[in-house]
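Working notes, structure below.
Numbering (this note's numbering), first residue to last: 101 to 336.
Quick look at the structure:
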């Protein structure tokens, strides 16, 4: 019988309101600086190059922040902006970086009603996310912290594992006190969420909000609002 629901965070519960380009245009207009848009695509590729690489043995949040700030400054200067480059880079970070995610993003409209429904039905809930810092403060600022029995972020020094690695799922299982047979994991990324959960024996459910992964996984939903009904048979 299913007793717990694990949920991915980014693009499952939370999304950024604006793109990098939208943030940059708004900030550039405020500072009245010209951007060389012909360089934007190349500069963006450089900004995000190798950022997905995560070594749990050596990761440092402080070093990651310093590296991120330097990359952002290089990105700004590559677009032809020299005056106020550091300050503009800092504003751009606040508009879209994970460290300032409460400012830059919001919850999908189906999140709170679904969390409340699942809580009322007696499910234990946990976030299991590949995220570059501890997630508890962000869930608090978003007003959803009290719904969760555990919030597990990959780059948290207590976890140091990102999906699809089994350890992050096992950490979450221990945190909520359930076995693999008693859990479903819901997420939007096939490799991280579906393959990762399946490899440790957890039942995976693919969330395909934009209907771009049709036929990729048998148990697929397009809204979290579908989840309570889907799980109803497993609790009876």
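The C-beta atom is built at its ideal place from N, Cα and C for all residues, glycine as well. Computed from a prediction, not measured in an experiment: that's the story for all the values here.
Note on the segment 221 to 305: whole alpha helix (DSSP H) runs with a minimum of 4 residues are 236 to 241, 266 to 276 and 296 to 299, in chain order. For residue 113, same chain residues with a beta-carbon under 7 Å away, outside a window of 5 residues either side, are 107, 207, 208 and 211 in chain order. Assignment of beta-bridge partners to residue 105 by DSSP yields 225 and 284.
According to DSSP, residue 116 shares a beta bridge with 205. With fewer than 16 other CB atoms across the displayed protein chains lying within 10 angstroms of its CB, residue 329 is exposed. Taking the Cα positions, residue 273 is about 21 Å away from residue 216. The beta-bridge partner set that DSSP reports for residue 307 consists of 321. Only exposed fits residue 237, as fewer than 16 other CB atoms lie within 10 angstroms of its CB.
The C-alpha of residue 213 lies about 8 Å from the C-alpha of residue 325. For residue 159, the three-state secondary structure derived from DSSP is coil.
Per DSSP, the beta-bridge partners of residue 110 are 114. Per the coordinates, the alpha-carbon of residue 137 lies some 43 Å from the alpha-carbon of residue 247. In this structure, 109 is the residue among 102, 103 and 109 with its C-alpha nearest to the C-alpha of residue 288. For residue 187, the enclosing alpha helix (DSSP H) begins and ends at 185 to 196. When the beta-carbon positions are compared, residue 284 and residue 331 come within less than 8 Å of each other.
In this structure, the alpha-carbon of residue 294 lies about 12 Å from that of residue 266. In this structure the segment 169 to 181 touches the segment 124 to 136; the number of beta carbon pairs closer than 8 Å is three or more.
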